[in-house]
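*Asks:*
Protein chains: 2
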Amino acid sequence: MGQRDAEATRARILSAALTEFAAHGYSGGRIDRIARDAASNVRMIYAYFGNKSGLFDAALSDAIVRMAEEVPPEPSDLPAWVGELFDFHERRPEVLRICLWAQLERPDAASEPLGTYLAKVESVQQQASPAIGAVDLLVIIYAVAQAWHVAPVGLLAADTHASSTTRRAAAVEAVTRILA
Amino acid sequence: MGQRDAEATRARILSAALTEFAAHGYSGGRIDRIARDAASNVRMIYAYFGNKSGLFDAALSDAIVRMAEEVPPEPSDLPAWVGELFDFHERRPEVLRICLWAQLERPDAASEPLGTYLAKVESVQQQASPAIGAVDLLVIIYAVAQAWHVAPVGLLAADTHASSTTRRAAAVEAVTRILA
DNA sequence: CCTAAGTAAGTATCTATTTACTTATAGGCT
DNA sequence: AGCCTATAAGTAAATAGATACTTACTTAGG
Numbered sequence: 004m005g006q007r008d009a010e011a012t013r014a015r016i017l018s019a020a021l022t023e024f025a026a027h028g029y030s031g032g033r034i035d036r037i038a039r040d041a042a043s044n045v046r047m048i049y050a051y052f053g054n055k056s057g058l059f060d061a062a063l064s065d066a067i068v069r070m071a072e073e074v075p076p077e078p079s080d081l082p083a084w085v086g087e088l089f090d091f092h093e094r095r096p097e098v099l100r101i102c103l104w105a106q107l108e109r110p111d112a113a114s115e116p117l118g119t120y121l122a123k124v125e126s127v128q129q130q131a132s133p134a135i136g137a138v139d140l141l142v143i144i145y146a147v148a149q150a151w152h153v154a155p156v157g158l159l160a161a162d163t164h165a166s167s168t169t170r171r172a173a174a175v176e177a178v179t180r181i182l183a
Numbered sequence: 004m005g006q007r008d009a010e011a012t013r014a015r016i017l018s019a020a021l022t023e024f025a026a027h028g029y030s031g032g033r034i035d036r037i038a039r040d041a042a043s044n045v046r047m048i049y050a051y052f053g054n055k056s057g058l059f060d061a062a063l064s065d066a067i068v069r070m071a072e073e074v075p076p077e078p079s080d081l082p083a084w085v086g087e088l089f090d091f092h093e094r095r096p097e098v099l100r101i102c103l104w105a106q107l108e109r110p111d112a113a114s115e116p117l118g119t120y121l122a123k124v125e126s127v128q129q130q131a132s133p134a135i136g137a138v139d140l141l142v143i144i145y146a147v148a149q150a151w152h153v154a155p156v157g158l159l160a161a162d163t164h165a166s167s168t169t170r171r172a173a174a175v176e177a178v179t180r181i182l183a
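Top to bottom, those sequences are chains V and B.
Count along the first sequence from 1, then add 3; that gives the number in the working numbering.
Count along the second sequence from 1, then add 3; that gives the number in the working numbering.
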C-alpha cells in the first residue's frame, strides 16, 4: 500500500465527483476539475467509471446510499423522521443538491437505491387516511424536509430572524399536524 | 408590421428560451437550439439579451411574472391556494423547472419578481402559530404544491393507481390540517 | 435613402474522450 | 531469498467536436 491504491483513488474520485456535480450539476460539472480535486487523473476517471454519465450515476448512487444509511426509514415516528431528514440536509447539502439535479437532468438515473425507502411505504400504509394515501404522505413529508432548500431565496430573505432551529421545529410540527 | 416585428421576434425568442432552459437548464441550454426554435437567429439573441445569462434571467423573470399573474396570492384561503398552485405546476411544468434550475445554477438571479408573493407574508402572519411562523408556513405550502415534482421518481412509481386528482386532494388536505 | 431588423459564416475557446507512454507491485521461477 | 515479468496504476499530451459569441454583410420600410 504505497502511492498505488486503486480503492483509495476510486474513492477520492467519487468524493470529488459528488462535490463537483452537487455544485454545478451534470452538464455544468467538469471532468478536469474532478480529476484535479481528486488529486488524480482524467484517464483514471474513464478507467474506473467509463464516461461522464457513469461517474455521475456512481456519485448519485453513493450519495443516496449514504443518506439511506444515515437517515434510516422510521415509519413508527414520522415527525421525528422529518426532523432527522431536515438535519441531514443541513449537514450534507450536496446529497440533496445532486438528487435535485438528477431529478432535472437525468430523471431515469439511479432509481434503484431508493428501494430502502420504498420498503417503508407498507408500514406507513396504516397511518394513511382516505384523504392522503401512503405514497402521497411520504412524498409530502419528503418535500417538507427539503422545503427551505427549494424555496425561492427571495422568500427566505423575508424571514429576518430565522434560525435552522425554528425551521426544523416548523417542519416537525407541520408533519405532526398532518398526521393528527 | 410585415415580417419585421422586433417585439414579436423578441417574444418568440423568450418563449423558445423558456422551453429550452426548462428542459436542459442554464449550462445545458443551447443558444443555437433557441435561435432555431424561435425561427430567428443567434445574432438576434445577442442583440436583444446581451448574452446567455441575460437571456436566461429574462426567461426566468418572465416565467415568474406569468405565475404571479395566473396564480395570484390568496392569503384568505391557503388550502385553496395550494390547490391552484398544484394545478399551475401541472399545467405549466416549465415554470417550476426553470425556477428549480435557477435555484441550483444561479441562486442570486431574479429574486425581484417575487415581491408579489412577499406582500402576502403579512396577511398570513395572523394565521401563523407560535410553532410555525408566517414565512415558514408559506415555504411549506410552496413545497407541498410542488412535492410530486421534486420527489424521487422511484417513489412515485410505487403508487400504482395514483391520479393527479388524488394528489391534488392530498396537498389541499395536508395544508388544511397544518392550519387546523 | 437611412435606420434598424435580419442573415450567414466565421473564430477562439472549451471539454469529453483517446492514444501512447511510464512506473509500481504482486507472484511465479530459479 | 532474490530476480523477472505480466499486469494494473498512473501520467501527459493530442484530438475531434461543440459552443458562446462576433464580424461583415443584406434587406425591409418609413
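Note that CB positions come from ideal geometry on N, CA and C, so glycine has one too.
(1) List, in order along the chain, the chain V residues whose C-beta lies closer than 9 Å to that of B:V124?
(2) Suppose you measure from the CA of V:E176 to the CA of B:I135; what does that come to, to the nearest Å?
(3) What whole-angstrom Cβ distance do V:S56 and V:R15 have, given they're in contact under 8 Å?
(4) Would a check of beta-carbon distances place B:A66 closer than 8 Å to chain V?
(5) Tell me whether the beta-carbon of B:L140 lies closer than 8 Å to the beta-carbon of B:V156.
(6) With 16 other CB atoms within 10 Å as the buried threshold, where does V:Q130 fall?
(7) Whether or not the stretch 60 to 68 of chain V and the stretch 16 to 28 of chain V are in contact is what I'm after, with contact meaning three or more pairs of Cβ atoms, one per stretch, closer than 8 Å; do they touch?
(8) Let me check understanding here. Comparing Cα to Cα, which of B:A161, B:E108, B:F89, B:R180 lies closest to B:A148?
(9) Going straight from the alpha carbon of B:L99 to that of V:D8, what length do you get?
(10) In chain V, which residues lie less than 8 Å from B:I143 when you measure between Cβ atoms?
(11) Using 10 angstroms around the beta-carbon of V:D111, count the other beta-carbons present and answer buried if the total reaches 16, otherwise exposed.
(12) Residues of chain V with a CB under 9 Å from the CB of B:Q130: which are they?
(13) Can a CB atom of chain B be found closer than 8 Å to the CB of V:E108?
(14) Would V:V85 pass as an interface residue toward chain B - the criterion being a Cβ-Cβ separation below 8 Å?
(15) Under 8 Å, Cβ to Cβ, is there at least one residue of chain V near B:V138?
(16) Using a C-beta to C-beta distance shorter than 9 Å, which residues of chain B count as neighbours of V:L103?
(17) Can you tell me which of the three DSSP states V:I16 falls into?
(18) Check whether the Cβ atoms of V:L81 and V:V142 sit closer than 8 Å, and answer yes or no.
(19) Give every residue of the same chain whose Cβ lies closer than 8 Å to the Cβ of B:A83, excluding the five residues on either side of it in the sequence, and list them in chain order.
(20) Determine which residues of the stretch 54 to 65 of chain V have a Cβ less than 8 Å from any Cβ of chain B, and write them out in chain order.
(21) Give me the Cα-Cα distance between B:I101 and B:P133, rounded to the nearest whole angstrom.
*Replies:* This is what the structure gives:
(1) Contacts between B:V124 and chain V, judged by CB atoms closer than 9 Å, involve L158, A161, D162 in chain order.
(2) Approximately 7 Å, taken between the alpha carbons.
(3) Not really, about 20 Å apart at Cβ, beyond 8 Å.
(4) With its beta carbon at least 8 Å from every one in chain V, B:A66 lies outside the interface.
(5) No.
(6) V:Q130 is exposed by the Cβ-count criterion.
(7) Between the stretch 16 to 28 of chain V and the stretch 60 to 68 of chain V there are three or more inter-stretch CB-CB distances shorter than 8 Å, so the stretches are counted as touching.
(8) The residue with the shortest Cα to Cα distance from B:A148 is B:F89.
(9) In a straight line, the C-alpha of B:L99 is about 44 Å away from that of V:D8.
(10) Within 8 Å Cβ-Cβ: V147, A150, A173, A174, A177.
(11) With fewer than 16 Cβ atoms within 10 Å of its Cβ, V:D111 is classed as exposed.
(12) Near B:Q130 there are no residues of chain V at all, since even the closest Cβ is about 13 Å away, more than 9 Å.
(13) Yes, its Cβ sits closer than 8 Å to a Cβ of chain B.
(14) No, its Cβ sits nowhere closer than 8 Å to a Cβ of chain B.
(15) Put simply, the CB of B:V138 is near chain V, with a gap under 8 Å to one of its CB atoms.
(16) Simply L103, Q106, L107, V153.
(17) In the three-state reduction of the DSSP assignment, V:I16 falls in the helix class.
(18) The Cβ atoms of V:L81 and V:V142 lie no closer than 8 Å to each other.
(19) These residues qualify, in order along the chain: E77, V175.
(20) Here the close residues number zero.
(21) Between B:I101 and B:P133, the C-alpha separation is close to 34 Å.
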